[in-house]
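Just add 11 to the spot in the sequence shown (first one is 1) and you have our numbering. Even for Gly, the Cβ is constructed at its ideal location relative to N, Cα and C.
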Amino acid sequence: MNKVTVIGSINLDRTIRVKEMAKPGETIHASEVFSAGGGKGANQAVAAKRSGAKTAFIGAVGNDDAGKMMRELLGYEEINLAGIAELDKVATGQAYIVVDEKGENSIMIHAGANGKITPEHVVKHADLIKESDFVIAQFESDLASTIKAFEVAHQAGVKTILNPAPAMRTVPEELLKTTDVIAPNETETEILTGIKVVDEESMQKAAAKLHALGIKVVLITIGSQGSFYSMDGQSGIVPAFKVNAVDTTAAGDTFIGALSTVLKPDFSNLVEAITYGNKASSLTVQRFGAQPSIPYKHELN
C-alpha cells in the first residue's frame, strides 16, 4: 500500500442542515446543527488512511479548543502528526457548511492557522515528503508552502497530486511544473482553462490545455456522472456508482484520498484507481458531514 503525505488545510466544520438554501434577506429554520472534523487536506488524509495508506500530514492548527479537537481526531486515525504545527495567537481553520435536502452544499471558510504554514516548516519536515509515494495538496493553505512541498517531492522523484480548490484563475508556473496529477471539478476546470465543461469533447479540450502546462495526468470529477481522465493520448469517463446522495461534502476529497492509496506511481492502473475512488465517494455522499462520512477499506471491499 502507498505512503501518502498531505500538505494543506485542517478545519473544524460547523454544519447546518436546511430544507432549502436561504435567499438573500431570508430567515429560515435549520433542522440540525453539528460540528465535525474537516478541511480539504485533513479530509484527503483521512480518506487515504482509512483505505490503508501510511499517511502523514504537514499543516498547522491554533493553540485553541478547535485545534486540540482536530489533533485528537487525526491522531485517532493514526495519521502521522509530526508535521502539524500548533500556533499561538492564531485560530484553527473553520468551515461553515449549509446542506439542503437535495444534498447540495454551500461552504464558507476561515483559513486561520492554515494560512500560516511556511516554506521553512515544509523544509523542516521534508523527510515526510521524500519517503512518500504521493504528495497531495489543495489551495486552502499557504501557497508558497505548497510550492515548496511539490519542489521537494519533484526533486525526490515523488509523484504529486494537486486538487486546485478553491480554484485560482492563475496558478503559479513553478507549481504546475512540479504537478504530476491535477484533479479539478467542472467549475474549477472552467476557471483554470476558460473552457466550460459540458460534454466529453469540452473535457478533452480542457485537458489538452492542462497537459500543455506540463501535467501528465488530468482528472476531472463530474459529480454523479463519475470522473474523466486524460493521460498519454488516452481519455475517457469512468462512471460513478448510482446512489441516493444526501450530502456531497467531502466527496471530492474522498475520491482523491482513496485514489492515492491504490494508484501506482507509474499510473499504469489509473482507471482501476479511479474506479476505487468513485466507489469511496459514492459511500461518502450517502452520509452527513465531512470526515464522519468517509468510508473504511473494509466497507469498499
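Check your understanding: Would P130 pass as a contact of S152 if the rule is Cβ separation under 8 angstroms?
Key -> no
**Study point:** Where E83 falls, given that 16 or more other Cβ within 10 Å makes a residue buried
**Key:** exposed
**Study point:** Opening and closing residue of the alpha helix (DSSP H) in which K170 lies
**Key:** No alpha helix (DSSP H) contains K170, which is instead part of the beta strand (DSSP E) from 170–173.
Practice item. Would you check if the segment 284–304 and the segment 126–146 touch, i.e. whether three or more CB-CB distances between them fall below 8 angstroms? Key: no
Review point. Looking at the structure shown, is N13 part of a helix, part of a strand, or coil, going by DSSP?
Key: coil
Point to revise | Contacts around G63, its chain only, beta-carbon distance under 7 angstroms, and the 5 residues preceding and following it disregarded | key: M12, T272, K308
Review point. Beta carbon of A93, beta carbon of H136: below 8 angstroms?
Key: If you check the CB distance, A93 and H136 come in under 8 angstroms.
Check your understanding: Based on Cα-Cα distance, which residue from E162, K159, V192 lies nearest to P175?
Key -> V192
Check your understanding: For P130, which of helix, strand or coil comes out of DSSP?
Key -> helix
Practice item. Determine which residues share a DSSP beta bridge with L84 and list them. Key: Bridge partners of L84: none, in fact.
Point to revise | Inter-residue spacing [alpha-carbon to alpha-carbon] between A219 and V208 | key: 13 angstroms
**Study point:** C-alpha distance - A53 paired with I305, whole-angstrom precision
**Key:** About 11 angstroms.
Check your understanding: Using the C-alpha atoms, what's the distance from G244 back to F278?
Key -> 14 angstroms
Practice item. Measure the C-alpha to C-alpha separation of L270 and D99 and round it to an integer number of angstroms. Key: 35 angstroms
Practice item. Just tell me which of A256, T38, T190, Q297 has its CA closest to the CA of I226. Key: T190
Practice item. Tell me, please, which residues DSSP counts as bridged to Q323. Key: The first residue shown for the chain is 12 and the last is 312, placing residue 323 beyond what the model contains.
**Study point:** Straight-line Cα distance separating G49 from D75
**Key:** 16 angstroms
**Study point:** CA nearest to the CA of A178, picked from I21, T265, E197, K170
**Key:** E197
Practice item. Have a look at F239 and V229 and give me their C-alpha separation to the nearest angstrom. Key: The straight-line gap from Cα to Cα measures roughly 8 angstroms.
Review point. At what residue ranges does the segment 162–238 contain a whole run of the beta strand (DSSP E), taking only runs of 3 or more?
Key: Listed in chain order, the complete beta strand (DSSP E) runs (minimum 3 residues) inside the segment 162–238 are 170–173, 228–232.
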